[in-house]
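**Q** Read in order, the letters of the sequence shown correspond to residues 4 to 74 in the working numbering.
Ideal placement from N, C-alpha and C gives every residue a C-beta, glycine not left out.
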Amino acid sequence: MYNSRKKNLEDVPTELTVIWSCSSEDCKGWMRDNFVFNMVPVCPQCQSPMVKNEKMLTAVTNTSPSWFKNK
Numbered sequence: 004m005y006n007s008r009k010k011n012l013e014d015v016p017t018e019l020t021v022i023w024s025c026s027s028e029d030c031k032g033w034m035r036d037n038f039v040f041n042m043v044p045v046c047p048q049c050q051s052p053m054v055k056n057e058k059m060l061t062a063v064t065n066t067s068p069s070w071f072k073n074k
């Protein structure tokens, strides 16, 4: 019964999302653009600069009041 309540992966909407990826070859860090606090973020894992990119991800909305103030 428990499995019947789970959402199927096909039902989860995905969209092309703007992200920031770590520029270091050794680091796999990335974050969504709408969750970034700085104009050009630094990787929180290795402190390297990050570059803008796009990735197919599950649709997520940032409802934080501080995010709306910055945009």
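#1: Curious, which full-length beta strand (DSSP E) runs of at least 3 residues does the stretch 9-63 contain?
#2: Spatial neighbours of D29 within its chain, please: C-beta separation below 8 angstroms, excluding the five flanking residues on both sides.
#3: From T17 to A62, what does the alpha carbon distance come to, in whole angstroms?
#4: Using the C-alpha atoms, what's the distance from V43 back to M53?
**A** This is what the structure gives:
#1: 17-25, 33-35, 53-61
#2: C49
#3: 5 angstroms
#4: 7 angstroms
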